[in-house]
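Below is one structure; the comments refer to it alone.
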Amino acid sequence: MAARPRITVIAALATIVVLAWAYLFHLARDMSGMRASEMALSGNMIWTPIDFIMMFLMWAVMMVGMMIPSAMPAIVIFDKWNMSRKTDGQSFGTTGLFTAGYIIAWVIFSLFATLSQWALDQSGWLDPMMESKSPYLGAILLISAGLYQLTPYKDVCLTHCQSPIEFIGKHWKPGGIEAFKLGVRHGIYCIGCCWLIMGLLFFFGVMNLIWIFILGLFVLLEKLVIFNQWINGAVSGILITSGIILLI
Numbered sequence: 047m048a049a050r051p052r053i054t055v056i057a058a059l060a061t062i063v064v065l066a067w068a069y070l071f072h073l074a075r076d077m078s079g080m081r082a083s084e085m086a087l088s089g090n091m092i093w094t095p096i097d098f099i100m101m102f103l104m105w106a107v108m109m110v111g112m113m114i115p116s117a118m119p120a121i122v123i124f125d126k127w128n129m130s131r132k133t134d135g136q137s138f139g140t141t142g143l144f145t146a147g148y149i150i151a152w153v154i155f156s157l158f159a160t161l162s163q164w165a166l167d168q169s170g171w172l173d174p175m176m177e178s179k180s181p182y183l184g185a186i187l188l189i190s191a192g193l194y195q196l197t198p199y200k201d202v203c204l205t206h207c208q209s210p211i212e213f214i215g216k217h218w219k220p221g222g223i224e225a226f227k228l229g230v231r232h233g234i235y236c237i238g239c240c241w242l243i244m245g246l247l248f249f250f251g252v253m254n255l256i257w258i259f260i261l262g263l264f265v266l267l268e269k270l271v272i273f274n275q276w277i278n279g280a281v282s283g284i285l286i287t288s289g290i291i292l293l294i
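The following block contains the structure:
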């Protein structure tokens, strides 16, 4: 009885991820199909409300596609934990609320990412393909991400993301509202863990699917594999060195 609902949870999450990536592939194909002259004309234009909404939607879907895979262990553990403590048969719905809370946290992050993209675009720092036009912006992003990897706040957030059993065991409370709040809380820790990694998309390209996949894979591995100080230092060193090279 316990195994089948967990399979259902995993299947539901996998479906969400597939749909998110399908949407991203659709957007990337549309962008690649535009002629260079059309892309040039579209660069640094005044955003309309529809432009902002569509860009926000793109960021939100992108975050779902990138972050749900790394959140799957926490969601499955929550479902198992919740099932062992509920008798009303509503575990699956409560797990859905936990997942919704997690997604909402990233949707809010997507709003700030969209505002950041708007500011960078209107300032002329991004090209029509939504990549950095300035080595200084790239250097700032790379060095900042590298330094952040070494901060205590990063360690605290990553510890919560790497230990979902401890996190859920410590903060779990019965009820749908509490499940939603816990999902938001877990999402906030995940944002705290990798928000500057997501910011690297402004350097590599907001719609560069290869880098979207690479950064998503890095976040997944960082949560699933206990990175020792040597590995974390190496990642930080690569980012910082790359940023410095851009300035030379």
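Per this note's numbering, the very first residue in the sequence shown carries number 47; after that it's consecutive.
Glycine included, C-beta positions come from ideal geometry on N, C-alpha and C.
Return the chain-ordered list of same chain residues with a C-beta closer than 6 angstroms to the C-beta of S83, the five sequence neighbours on each side being excluded. Translated into the one-based positions of the sequence shown, residue 83 becomes position 37. Residue confidence for S83 is low, a pLDDT of 45 falling below 50, so the modelled location carries little weight; the figure read from the coordinates is stated next. Excluding positions up to five away in sequence, the list is empty.
I'd like the span of the alpha helix (DSSP H) that includes D125, first residue to last. Locating residue 125 in the sequence shown gives position 79, counting from the first residue. Run containing D125: 95-129, per the alpha helix (DSSP H) assignment.
Of the residues M244, D167, T94, I150, the one placed nearest V230, counting alpha carbons only: To locate residue 230, count along the sequence shown from 1; it is residue 184. I150 is the residue among M244, D167, T94, I150 whose C-alpha sits nearest the C-alpha of V230.
For D201 and G235, the rounded distance between their alpha carbons: Here residue 235 refers to the residue found at position 189 of the sequence shown. Here residue 201 refers to the residue found at position 155 of the sequence shown. Looking at the sequence shown, residue 235 is not Gly but Tyr. Taking the straight line from one Cα to the other gives about 10 angstroms.
Minimum C-alpha distance to F138 - residue among F124, Y148, G147: Taking the first residue of the sequence shown as 1, we reach residue 138 at position 92. For the residues F124, Y148, G147, the minimum Cα distance to F138 belongs to F124.
Inter-residue Cα distance where the pair is L293 and I284: Taking the sequence shown and counting its residues from 1, the one referred to as residue 293 is at position 247. Taking the sequence shown and counting its residues from 1, the one referred to as residue 284 is at position 238. Their backbone Cα atoms lie some 15 angstroms apart in a straight line.
Distance, Cα to Cα, E177 vs A60? Counted from its first residue, the sequence shown places residue 177 at position 131. Counted from its first residue, the sequence shown places residue 60 at position 14. When rounded, the distance between both Cα atoms is 29 angstroms.
L196 (DSSP reduced to helix, strand or coil): Residue 196 sits at position 150 when you count from the first residue of the sequence shown. Three-state result, L196: coil.
Exposed or buried, P220, counting other C-beta atoms within 10 Å across all chains shown (16 or more means buried)? Start at 1 with the first residue of the sequence shown, and residue 220 comes out as number 174. Classification for P220: exposed.
Helix, strand or coil for S178? Go by DSSP, reduced to three states. Working through the sequence shown from its first residue, we reach residue 178 at position 132. Correct three-state label for S178: strand.
So S156 and A106 are in contact, right, with Cβ under 8 angstroms, and what is the actual spacing, rounded? Locating residue 156 in the sequence shown gives position 110, where the first residue counts as 1. Locating residue 106 in the sequence shown gives position 60, where the first residue counts as 1. Confirmed, Cβ separation roughly 4 angstroms.
Among G215, D97, F144, M112, nearest to E224 - alpha-carbon criterion: Along the sequence shown, one-based indexing puts residue 224 at 178. The shortest Cα separation from E224 among G215, D97, F144, M112 belongs to F144.
So I234 is in the alpha helix (DSSP H); what residue range does that whole segment cover? Position 188 of the sequence shown, counted from the first residue, corresponds to residue 234. In this chain, the alpha helix (DSSP H) harbouring I234 covers 222-245.
If you check the beta carbons only, do G289 and I154 fall under 8 angstroms apart? The residue given as residue 289 occupies position 243 in the sequence shown. The residue given as residue 154 occupies position 108 in the sequence shown. It is not a contact, given that the beta carbons lie outside the stated cut-off.
L103 and L255 look like a contact to me (Cβ under 8 angstroms); what is the Cβ gap, rounded to whole Å? Looking up residue 103 in the sequence shown gives position 57. Looking up residue 255 in the sequence shown gives position 209. So it is not a contact: roughly 17 angstroms between Cβ atoms.
With DSSP collapsed to three states, give me the class of R81. For the purposes of this step, residue 81 is identified with residue 35 of the sequence shown, where counting begins at 1. In this prediction, R81 has a pLDDT of 47, which is less than 50 and means its spatial position is unreliable; what the coordinates show is noted afterwards. Three-state result, R81: coil.
Going by DSSP, which residues form a beta bridge with L172? Residue numbering aside, residue 172 sits at position 126 when the sequence shown is read from its first letter. Paired residues: S178.
Between the C-alpha atoms of W241 and K216, what's the straight-line distance to the nearest angstrom? The residue labelled residue 241 in the question sits at position 195 within the sequence shown. The residue labelled residue 216 in the question sits at position 170 within the sequence shown. Within the model, the alpha-carbon separation for W241 versus K216 is close to 24 angstroms.
Indicate whether L228 and G147 have their beta-carbon atoms separated by less than 8 angstroms. Against the sequence shown, residue 228 aligns to sequence position 182. Against the sequence shown, residue 147 aligns to sequence position 101. For L228 and G147, yes; Cβs fall inside 8 angstroms.
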